[in-house]
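Heads up, the thing below is written out as structure tokens.
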């Protein structure tokens, strides 16, 4: 799709509005990024959801403080809306993810006339696995072998009273729905070695075969994402 004049005007107006709203000056590098990203996205053609234009990649490199996040948001959101598409933004770190969700997107919506909403998707590794939590709380692996999860093979830290106390608090908090099972929403920082004992990944997750599937924190979050 070639960029229509309407989309171009939306992008330009959004940038002007943000500059005025935040009382900041336009930056050449940022303007160049907006133009290049919009041009790249506008060159994508599809038919019934299948891309028909050749594969292409737009790579942007710029120094800290250039405003890369704002640039690609201002360029991409109007184009995605015009195409009726959902825009997916993937980050390498939780810190950048939090910056975009908690600061950049709210700022853009506040200072521009762009109409959009967003939701956050995280991988399994950020969520509690009830099957693994149960295995850590049932006699350090000496429970019923027919019902205990296979995850007990993962080198549990026997006798770690501090971890066990944390796991008991997690069970109570998740059971009462005071906590949604998201690691980032736990009131304290959880050491990696502790968290690894009660989370999982796509290779270990038994999906619908798990006894806790209907109350799974990860799949509950996925349902909310699908409904967003």
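Residue numbers (my numbering): 7 to 234. No residue lacks a Cβ here, since even glycine has one placed at the ideal position from N, Cα and C.
Out of the options, which one is the CA nearest neighbour of residue i?
| i | options | result |
| --- | --- | --- |
| residue 1 | 180, 10, 86, 18 | Residue 1 falls outside the range modelled here, since the chain spans only 7 to 234, and no answer is possible. |
| residue 196 | 141, 209, 132, 216 | 132 |
| residue 39 | 69, 129, 57, 115 | 69 |
| residue 89 | 174, 8, 128 | 8 |
| residue 78 | 117, 36, 56 | 36 |
| residue 141 | 177, 103, 130, 107 | 177 |
| residue 116 | 80, 73, 221, 211 | 80 |
| residue 192 | 172, 208, 209 | 172 |
| residue 54 | 41, 231, 91 | 91 |
Is DSSP giving residue i helix, strand or coil here?
| i | result |
| --- | --- |
| residue 133 | strand |
| residue 29 | coil |
| residue 100 | helix |
| residue 165 | Note that residue 165 scores 46 on pLDDT, short of 50, meaning its location in the model is unreliable and no value can be drawn from it. |
| residue 195 | coil |
| residue 183 | coil |
| residue 57 | strand |
| residue 207 | coil |
| residue 220 | helix |
| residue 113 | helix |
| residue 23 | helix |
For residue i versus residue j, is the C-beta spacing smaller than 8 Å?
| i | j | result |
| --- | --- | --- |
| residue 16 | residue 84 | yes |
| residue 46 | residue 20 | no |
| residue 223 | residue 186 | yes |
| residue 33 | residue 72 | yes |
| residue 130 | residue 208 | yes |
Please report the Cβ distance between residue i and residue j, rounded to the nearest whole angstrom; I am assuming they are in contact, meaning their Cβ atoms lie under 8 Å.
| i | j | result |
| --- | --- | --- |
| residue 240 | residue 169 | Outside the modelled stretch of the chain, which goes from 7 to 234, sits residue 240, for which no answer is possible. |
| residue 114 | residue 120 | 7 Å |
| residue 110 | residue 75 | 5 Å |
| residue 95 | residue 66 | Not confirmed; about 13 Å, so no contact. |
| residue 100 | residue 190 | 7 Å |
Beta strand (DSSP E) runs contained entirely in the segment 74-100, provided each spans 3 or more residues
none
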